[in-house]
Each structure stands twice: as C-alpha cells, then as structure tokens.
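Undergrad: First residue of the sequence shown: 1, per the numbering used here; consecutive thereafter.
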Amino acid sequence: MTNISEGSTGFDRAYNMRTRPISVAIIGAGAGGMCMAIKLREAGITDFTIFEKAASVGGTWRDNTYPGSGCDVPSFLYSYSFEPKFDWTHHYAKQPEIEAYFKHVAEKYELLPHIRFNSEIESATFDETTGKWNITTTSGETHSAHILVSGTGQLNRPAYPDIPGMEAFKGTVFHSARWNHDYDLTGKRVAVIGSGASAIQFVPEIVPKVQHLALFQRTPNWVVPKQDNKYSETAKSLFRQFPILARLHRAMIYLTLERNWLAFRRPGSFFNNAFRKAAMGEIETYIKDPAMRARLTPDYAPGCKRVLISNDWYPAIARPNVELITDGIKAITADGVENADGTQHDVDAIIYATGFESTTFLAPMKVTGLKGLDLNEAWAGGAEAHRGVAVAGFPNFFMLYGPNTNLGHNSIIFMIEAQVRYILKLIEGLSNARISYLDVRPEIMKAFNKELQDDISKTVWASGCNSWYRTEEGKITNNWSGSTLRFWWEMREPDFDEYRLVG
Ligand code: NAP
1 MTNISEGSTG FDRAYNMRTR PISVAIIGAG AGGMCMAIKL REAGITDFTI FEKAASVGGT
61 WRDNTYPGSG CDVPSFLYSY SFEPKFDWTH HYAKQPEIEA YFKHVAEKYE LLPHIRFNSE
121 IESATFDETT GKWNITTTSG ETHSAHILVS GTGQLNRPAY PDIPGMEAFK GTVFHSARWN
181 HDYDLTGKRV AVIGSGASAI QFVPEIVPKV QHLALFQRTP NWVVPKQDNK YSETAKSLFR
241 QFPILARLHR AMIYLTLERN WLAFRRPGSF FNNAFRKAAM GEIETYIKDP AMRARLTPDY
301 APGCKRVLIS NDWYPAIARP NVELITDGIK AITADGVENA DGTQHDVDAI IYATGFESTT
361 FLAPMKVTGL KGLDLNEAWA GGAEAHRGVA VAGFPNFFML YGPNTNLGHN SIIFMIEAQV
421 RYILKLIEGL SNARISYLDV RPEIMKAFNK ELQDDISKTV WASGCNSWYR TEEGKITNNW
481 SGSTLRFWWE MREPDFDEYR LVG
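As structure tokens, then:
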C-alpha cells in the first residue's frame, strides 16, 4: 500500500486516474440512509445495499407511533429539498403523514429492491488488503462493500431508566417509542415516567381517557407555544401550481428557524430571554397554583435541554385527573411506583417516556477499523468525528446525523443533505482514482473537535443541565454549535488534504 497523498498536493494528484466500480453498504432506511441512496444513484453509483433492521422504511417515523406523535420542525423544511410535498395538511405534520412521505420517497426513487429488510448489522470490519468492509448481520448473513455509510442517527434505541424493582411490576409496561397499541388505556391508572419531547405530545392525547395519570417529572422543560395551522385547500393548490411559492415558504421557515440559533449561542442573551418570556407566559396562563408553577419552572437557561413546543401540555397537566410528582422515584413495585418519600402510586400501566440512547451512536454494533481498532473503544471518552461524518482509523466509513450534527433550532434533513453531498464527493473521488481507501488524518479530526468543543463550551448546552446532548461525563457529543448555514458552507467540498489517501 502506498500513501499517494504523501509529498503531493493532495487529492488532485490521484484524480483523473482510472475510474473503478464502487460498492456501498448503507445501514438504516430512515431519512439519512434513503437520502444517501438516492444521491448515490444520481451520481451513477448503483451498487448499493441498504440494511434495515425493521420491516419497513422511515426510521424514527416508523418507530414513534405514540398518540400525538409529530415533528417539531415544520414539514416544508422537514422534507428533502429535492422531493417537495405541496400538500402537507399542517405546518407541523403528524407521524402518519411523515411516515407516508418517506414510504412515498422509497417507492418513487425505487429504493425497495435495494433494501434488505429485517437485517440488523451486528458487526462491520474493515479489511485493509481488499479495501472493503465485511459486514455480518445478526442472522449470520455476510456482505462486503468498499464504503460503509451509517444512517442510524442519534435517536433510534429507546433508553430505559435503571430503577430498582422494574421487573417486579405486574401491570403493562411499554416505552413511548414502542407504543403498545393493543393496550386500551381507557379508564386505566397510568404512570408516565419522563416529561420530555415525547411525553409532552402523548400525555395531552391520553389524559382525557385515562382514569388517573401519575406524571413523574425529574426536570421541568421550557415549553413555548406551537404556531401550528392547517394548510387551506387554496394554499395547497397555489403551492402545486406555483412551486416557487412552496420554495419561498420553505425558505422563510428556514430563515426563521435559523434566527433561533442566536438564542442558543449564549444563555441570558436577548433571544434566549425571549424563549424564557414566552415559556413563562404559558405557565402563568395555564397553571394557577403557585407551588405547581414553581415545580414546572426550569432552573436552567432555555435551550440547555431542547426547547419544547406545545399548546396543550400545560392545559393537560392542569386537569384534575393528573398528578405531577417531582420528588423522585424510589422504586418500581409489583403494583406501581414508589416515590422518594415512600408514597405508593398504584397503577395499571407504566409508560417509559425516557428518551433514547443518544450518546452511544452505533452501539451495540461492533465496528472494527484499521489494526483491530474498535469504534466503541475509540469513543470511550465520548463519540467524535471529523465534521460529524468520518472517524480516524475507520477508512471508507461515513456517518449521517453522526456526532455533533444535531441541532436545537433547525431541520436535521437540511444537515443530512449537506452530509450526503460531502460524503458523495469523497466517494466519487475514491471511485475516480486508484485508491483503496481514504481515512481522515487523526490530527485533523482532533483539531476540528478541539475547536468545536471550545465553541460548544460557550453555548447554552454547556450552561448547567443534564440533557441527551451530553455524556454522563459531561462531553457534548450530539450538537453542532454553529449555524446550519456555516455547516452547509463548510461541507460544500471535502478538502482531500484532510484525508490519508491510500491505494
Ligand atoms: P427526552 O427529551 O430525553 O426525555 C426523556 C425524559 O425522561 C426526561 O424528562 C428525563 O428527565 C426523563 N428520564 C430519563 N431517565 C429518567 C429516570 N431514570 N427517572 C426519571 N425520569 C427520567 O426524550 P424524548 O422525549 O423521547 O425526546 C428525545 C428527543 O427526540 C427530542 O429532544 C427530539 O429531538 C426528539 N423527539 C422529537 C419529537 C418532535 O419532533 N416533536 C418528538 C419526540 C422526540 P430529565 O430531563 O431529568 O433527564
């Protein structure tokens, strides 16, 4: 193997050499994996296979079917720029409409023949001699490809709390991301553990039907009003006839959300305080009891945890059949949940709305790079990547919605499209040259992350709260600290000098 970039000006030297066929394995048929596949084919790379652990496409929008599930990013922006939908029913679409959109994309772009459903990747190992990834599924199937792209994202594995006695409960138990639709909650006594983005959507839906709801809140959230509206038939028809209007609408949404980035740059800033004011207004409008108001008021800056949007959360929890419990959980018992003060709450069902295993990214998959390097071991101090997509020592491996590419203010689909463009250019470079692999230089990745973490340390996310953006040790592994415009700009073209080109 020769390192062809040594002593050269970088990729230019290798470019224009013989083109060779390239194969790509993609993990996950969600928003990221499907976008990658579509763009690969557009670039003439047709040898790609998507491995999907479930039986259908849509990722998080297939899994999160709880009542009221929907996206808190407006749909005109939470959709691919190259596949606009002109007839979204609402500004903020609900899960069935979003899942249907991704199914439509899979069919329209003829991705289904490329997808291996019910195929969960167990391990992937890079073979330096062939320049290929050898992949094994949990059922023992094997596959190899030059390029491995992970589209598993940050929020695909439900997180369960570690509370003593959990296995002792005799009633029904499920996680919000694996909703049990066979269980009728009507007239039941229900405990909901967690009060984050998922809980604030399904609690208002189930409160009217349950007999009693015990809501276990560990930390309150900042919740601001949701400016939702139905699109009229006239608006939909205008969007269809004049797609430019839909584009303009999308651009306006993008710019409005991008402005919110300023709110999360600095705690206590003008825009940050605007969120605080809006959220306090909601609490004061709907919650009359001062003690309850105090329990619902966060003691950290808005944005440190994701700011939530809802018009029905506070009205729901102000209802007489809801009990807000904030003094901690001591144990789960056979009959329910025991408070820190020893009060027993007997319930028929427990719903864990406790979020996702967000900071471990590709775990439990075993990804092995050069010289037997294990990805989970390489990430022992907290996941990190170069520009969110590449990890030193793991050649020809790229991630979508990987470390430090999450946002608190704008659409992940926008970020994914920028990552796909960048990865595609790397793959095209590899394909157009006689290169076996490219591997980001460790010192480049380190310098990128040093600068990123320095910047993150000044943001609202580091201002003093626990969130799914950070590891237990306090490293913020999930969020991008810049604007999405800056991300897009920096991802326009890969700098091949940042990579070792080996062939
Ligand atoms: P989440 O925001 O991480 O909320 C998890 C909740 O569970 C928190 O209230 C957390 O309390 C609580 N919790 C966790 N472990 C606990 C324990 N041991 N004891 C008591 N409480 C515990 O998770 P999520 O609501 O599923 O949302 C995660 C992310 O998914 C969102 O931020 C968003 O990005 C995405 N999402 C989006 C939407 C949408 O678009 N509308 C909907 C759902 C999810 P603490 O706060 O104290 O940790």
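No residue lacks a Cβ here, since even glycine has one placed at the ideal position from N, Cα and C.
(1) Tell me the DSSP secondary structure of Tyr92 in three-state form.
(2) Is the CB of Asp87 under 8 Å away from at least one CB in chain B?
(3) Less than 7 Å separating the Cβ of Phe202 from some heavy atom of ligand 1?
(4) Starting from the C-beta of Glu357, find all residues in its chain whose C-beta is less than 6 Å away, skip the five residues before and the five after it, and write them out in chain order.
(5) For the region 119-143, list the beta strand (DSSP E) runs that are entirely contained and at least 3 residues long, ordered along the chain.
(6) Would a C-beta distance cut-off of 8 Å place Val420 and Ala124 closer than the cut-off?
(7) Classify Lys277 as buried or exposed, calling it buried when 16 or more other Cβ atoms lie within 10 Å of its own Cβ.
(8) Hey, how far is the Cα of Ile427 from the Cα of Phe242?
(9) Threshold first: 4 residues or longer. Then list the alpha helix (DSSP H) segments lying entirely within the region 6-88, N to C.
(10) Put Asp299 into one of helix, strand or coil per three-state DSSP.
(11) Kindly indicate the opening and closing residues of the beta strand (DSSP E) around Leu148.
(12) Given the structure, does Gly196 come close to ligand 1, in the sense that its CB is under 7 Å from one of the ligand's heavy atoms?
(13) Could you have a look at Ala294 and say whether DSSP puts it in helix, strand or coil?
(14) For Asp72, verify whether its CB is less than 7 Å away from any heavy atom of ligand 1.
(15) Pull up the distance between the alpha-carbon of Pro298 and that of Pro267, whole angstroms please.
(16) Just curious, the alpha helix (DSSP H) that Arg189 is in, first and last residue?
(17) Per DSSP, which residues does Thr172 bridge with? Please list them.
(18) Below 8 Å CB to CB, which residues in the same chain sit around Lys103 once its five sequence neighbours on both sides are set aside?
(19) I'd like the list of long-range same chain contacts for Arg62, defined as Cβ closer than 7 Å, with 5 residues on each side in sequence excluded.
(20) My output table needs one value for Thr2: the three-state DSSP class, helix, strand or coil.
TA: Taking the coordinates as given:
(1) If DSSP states are grouped into helix, strand and coil, Tyr92 belongs with coil.
(2) The structure shown contains no chain B, having only a single protein chain.
(3) No - ligand 1 has no heavy atom lying nearer than 7 Å to the Cβ of Phe202.
(4) Non-local C-beta neighbours of Glu357 in its own chain, meaning closer than 6 Å and more than five positions away in sequence, comprise Arg157 and Ala159, ordered along the chain.
(5) If we require 3 residues or more, the beta strand (DSSP E) runs fully inside the region 119-143 come out as 121-127 and 132-137.
(6) The answer is no: Cβ separation not under 8 Å.
(7) Result: exposed.
(8) CA-to-CA, the gap between Ile427 and Phe242 works out to about 36 Å.
(9) Considered as a whole, the region 6-88 harbours 11-14, 31-42 and 60-63 as its complete alpha helix (DSSP H) runs of no fewer than 4 residues, in chain order.
(10) Residue state, collapsed to three classes: coil.
(11) If you look at Leu148, you'll find it in the beta strand (DSSP E) that goes Ile147 to Ser150.
(12) A heavy atom of ligand 1 is found nearer than 7 Å to the CB of Gly196.
(13) Helix.
(14) Checking every heavy atom of ligand 1 against the Cβ of Asp72, one is found closer than 7 Å.
(15) Their backbone Cα atoms lie some 13 Å apart in a straight line.
(16) Where Arg189 is concerned, there is no enclosing alpha helix (DSSP H), although the beta strand (DSSP E) it sits in stretches over Arg189 to Ile193.
(17) DSSP lists Ala349 as partners of Thr172.
(18) In chain order, Ser56, Val57 and Gly58 place their CB closer than 8 Å to the CB of Lys103, counting only its own chain and leaving out the 5 sequence neighbours on each side.
(19) Answer for Arg62: Ala54, Ser56 and Glu99, listed in chain order.
(20) Because the pLDDT at Thr2 is just 33, under 50, the model does not fix this residue reliably, and the point stays unresolved.
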